[in-house]
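Protein chains in written order, with our numbering: chain A, 1 to 185; chain B, 1 to 185. Backbone N, C-alpha and C define an ideal beta-carbon position, used for all residues, glycine too. Notes for the one structure printed next.
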């Protein structure tokens, strides 16, 4: 699939089929995450591939009752959880090197978007789930001290892709040379 | 270009030619950023397209003297700066909704990686620059209170793509069901 097609057509999928994901496709998708750039190539992420139905059910319980992705944890054959070490990316000699603090969120997002796009090109859905009880998820996944579960995504086949969510037009989000100077007049 | 080709072949480029970037290609690349998903579709990012040579020179000065991307700010015809509003992505009713704080870094990374991949498919280089004096960059770019410059990237043509940086093998970064359980035995 063309890169720009994947970027344009990718949707956040919250309704999955139980159909299994072939192992070789799963490895291609995870390899796309692995190839993501990161702060000073620190690669602070680890990916927990959850296939165990009981663990998926427990993770689903870390989402709020109203979260539309809740059932996806049970239906999709796989949930991928991104764990990241804190205090390393964006740090220099143990000190935060920028006024933006820890870069674990930035680096994990780079990798998880590679994963989401790669999944899409194989006809598989994902959705970046961030709103969950992190402390509980870390317990369930036995994540060591100093690491966080940044985000999770179900991974699986789906019937119909959801409609596109609206985005702000370029006029509203582009500036020229300084903030606030419209790029497109 | 195939999505997986772009993901596999993309490199962080730090040496640029001054050759101008056609406006229609620039717009395609920025549109790829615009289409990125974000926390509750908050789209907290804005993209400042810096073409002014004086501003690029000032931004270059916010990098450390040893940063290999420093000259790129002068050579590349464009520097794109990602500004993001703080306290919105990852928040619910004004409170951080997760134990990972503000999601502005996560969302900006998703958008900037769309941009980097789209640039690559047009034969253009980028590099995520995070290590710079953010306070100075925010002054130069006249970024309002409550916003940060998260990252910047030169954008331009280049002669030879750099060699691939090594990545940890999948064996080291994949776990099954819980943290620490090797996925690949």
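Next item on the list: Examine the Cβ distances between the segment 123-135 of chain A and the segment 144-164 of chain A and report whether three or more of them are shorter than 8 angstroms.
Entry: Contact between the segment 123-135 of chain A and the segment 144-164 of chain A is present, because at least three Cβ pairs lie under 8 angstroms.
Item checked: Cβ-Cβ distance between residue 118 of chain A and residue 176 of chain B below 8 angstroms -> With respect to the 8 angstroms criterion, residue 118 of chain A and residue 176 of chain B are not classified as neighbours on the basis of their beta carbons.
Item checked: Identity of the residues DSSP links to residue 82 of chain B by a beta bridge -> DSSP links residue 82 of chain B through a beta bridge to B/47 and B/151.
Item checked: As assigned by DSSP and simplified to three states, the class of residue 164 of chain A -> Of the three classes helix, strand and coil, the one that applies to residue 164 of chain A here is coil, per DSSP.
Notebook entry, point to check: Does residue 130 of chain A have its Cβ less than 8 angstroms from a Cβ in chain B?
Noted result: Yes, contact with chain B.
Margin query: Buried or exposed for residue 92 of chain A, going by 16 or more other Cβ atoms inside 10 Å?
Written below: It is exposed - the Cβ of residue 92 of chain A has fewer than 16 other Cβ atoms within 10 Å.
Notebook entry, point to check: Any residues in the segment 35-68 of chain B with a beta carbon nearer than 8 angstroms to a beta carbon of chain A? Which ones, in chain order?
Noted result: Residues 35, 36, 37, 39, 41, 43, 45, 46, 47, 48, 49, 50, 51, 52 and 55.
Item checked: Buried versus exposed call for residue 113 of chain A [16 or more other C-beta atoms within 10 Å across all chains shown] -> Buried, because 16 or more other Cβ atoms sit within 10 Å of the Cβ of residue 113 of chain A.
Notebook entry, point to check: What residues in its chain sit with their C-beta under 7 angstroms from that of residue 133 of chain A, if we drop five residues either side in the sequence?
Noted result: If we look at residue 133 of chain A and ignore the five residues flanking it on each side, its Cβ neighbours are 62.
Next item on the list: Taking only the alpha-carbon atoms, compute the straight-line gap between residue 141 of chain A and residue 179 of chain B and give it to the nearest angstrom.
Entry: Rounded to whole angstroms, the gap between the alpha carbons of residue 141 of chain A and residue 179 of chain B is 6 angstroms.
Item checked: For residue 85 of chain B and residue 146 of chain B, believed in contact at Cβ under 8 angstroms, the rounded distance -> Correct: roughly 6 angstroms between the Cβ atoms.
Notebook entry, point to check: Which class does residue 132 of chain A belong to by DSSP, given the choice of helix, strand or coil?
Noted result: DSSP, read as helix, strand or coil, puts residue 132 of chain A in strand.
Notebook entry, point to check: Got a sec: is the Cβ-Cβ distance from residue 25 of chain B to anything in chain A below 8 angstroms?
Noted result: False, the Cβ-Cβ gap to chain A never drops below 8 angstroms.
Next item on the list: Please decide whether residue 85 of chain A counts as near chain B, where near means a Cβ-Cβ distance under 8 angstroms.
Entry: Interface residue (Cβ-Cβ distance to chain B less than 8 angstroms): residue 85 of chain A is not classified as such.
Notebook entry, point to check: Which value, in whole angstroms, describes the spacing of the CA atoms of residue 166 of chain B and residue 100 of chain B?
Noted result: Approximately 28 angstroms between the Cα atoms of the pair.
Checklist line | Coil, strand or helix - residue 181 of chain A by DSSP | finding: Looking at residue 181 of chain A - three-state DSSP - the assignment turns out to be coil, as it is neither helix nor strand.
Notebook entry, point to check: Expressed to the nearest angstrom, what Euclidean distance is found between the alpha-carbon atoms of residue 47 of chain A and residue 185 of chain A?
Noted result: Put simply, the backbone Cα of residue 47 of chain A is about 44 angstroms away from that of residue 185 of chain A.
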